[in-house]
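Each step along the sequence shown adds one to the number in my numbering, with nothing skipped, and position 39 is 44. Ideal Cβ placement from N, Cα and C applies to all residues, glycine included. Below you'll find the structure, written out as structure tokens, and then a few comments.
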Amino acid sequence: MHLQNLSNLAGVWLIQNRVLFVAQTPTPTPNPSPVPDIELLKSQIQFLQDANTRLNNSFGSFVGAINVSFVVLALILGVAGAISVYLFNQSLKEARQLIRQEVERRLQTSVSEIVGQQVSNLQQILEREKVVGGISIDYVIPQQQPLIPDDYPEEYQLLAQRGFQSARIVDAAKRIKLSGDVVILDLVNYQFVADAERNTLGEKEIIELVEKRVEEQLQKVLNVLPNKAVLVVYIRPGRQRIDAIDRLSQKVKYYASANTPVNLIGTVVDSAYVADAWKKF
């Protein structure tokens, strides 16, 4: 529009000056008519106006094309950005899902291994306890006078709480009857030599007396020992070695000895496994 206005002003100015120039010029000798010059000038002005209009139209089209290009580019970038965000979110979700699945898998595997090991250990314990729970024990104390529950030794009370099928104390003051799978002969809570005998006998005589009385008590038990019973001898001979215990291998198939309460409990439990296997033959 500005170029068109300038062209119009320039055309008017040229016409006005041209008219003034013609008016002020003295009449010369006859020349050709000025009409063709005016027509030429008009045609030139019209050409400039048309050129200006085409230029404006072209520039407007160019600006419009640029604006459309920017809009299209913005739309493309927006769509691409949206797609990128969507794909990124999907990838992030998939990555999180994969990580979660892998963690759960590893955790499940680890827990399964730990639980499986614990279950296996528990099954072994239950199997061992099942054996103990199927074994009966007889606890023999070779006392001369009858026993009352308050006089029961602590070792017997510990064995009674161990979980055996039955734990029965046998009073040797009466006739001995044995039926247990494991028979314990308690010679620790039995006084081999009385105090008066210790004061009157020499060391050699005391050793011989202990050997004799141990052999007597062993023989009493062996006479009524069940065929498939394991014998456990609970004794503390000190520095003395009891030959009668060494000869037990000639009279009983399975036997063991113990000299402390802890050793006694462990030996009786081990003997229970032997007795359980022996019963299954």
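Where residue i sits in the DSSP three-state scheme
i           : result
residue 259 : coil
residue 278 : helix
residue 45  : helix
residue 144 : strand
residue 292 : Outside the shown range of the chain, which is 6 to 286, sits residue 292, and nothing can be said about it.
residue 157 : coil
residue 272 : helix
residue 81  : helix
residue 37  : Only weak support is given to the placement of residue 37: the predicted model assigns it a pLDDT of 49, under 50, and the value that follows is read from those uncertain coordinates. It is coil, neither helix nor strand.
residue 139 : coil
residue 152 : coil
residue 182 : coil
residue 3   : With the chain covering 6 to 286 only, the question about residue 3 has no answer from this structure.
residue 162 : helix
Extent of the continuous beta strand (DSSP E) run through residue i
i           : result
residue 248 : Per DSSP, residue 248 belongs to no beta strand (DSSP E); it is in the alpha helix (DSSP H), 248-251.
Proximal residues to residue i (C-beta, below 8 Å), its chain only, five neighbours per side dropped
i           : result
residue 138 : 168, 169 and 170
residue 214 : 197, 198, 202 and 206
residue 281 : 136, 139, 140 and 186
residue 279 : 235 and 259
Bridge partner(s) assigned by DSSP for residue i
i           : result
residue 236 : 188 and 260
Close Cβ partners of residue i (< 7 Å) along its chain, the five nearest in sequence each way excluded
i           : result
residue 268 : none
residue 257 : 227, 230 and 236
residue 193 : 239, 240 and 241
residue 273 : 142, 164, 187, 189 and 237
residue 216 : 247, 248 and 249
Contact test: residue i Cβ vs the ligand MN heavy atom, cutoff 7 Å
i           : result
residue 126 : With respect to small molecules bound, the structure shown includes none, and the ligand MN cannot be examined in it.
Cutoff 6 Å; reference residue i; Cβ partners in own chain excluding five residues on either side
i           : result
residue 287 : No statement about residue 287 is possible, as the shown extent of the chain runs from 6 to 286 and does not include it.
residue 158 : 194
Item checked: Continuous beta strand (DSSP E) assignments of at least 3 residues falling wholly in the stretch 86-129 -> none
Notebook entry, point to check: Considering only residues of the stretch 184-232, which uninterrupted alpha helix (DSSP H) runs meet the minimum length of 4 residues and lie entirely inside it, listed in chain order?
Noted result: 200-205 and 208-229
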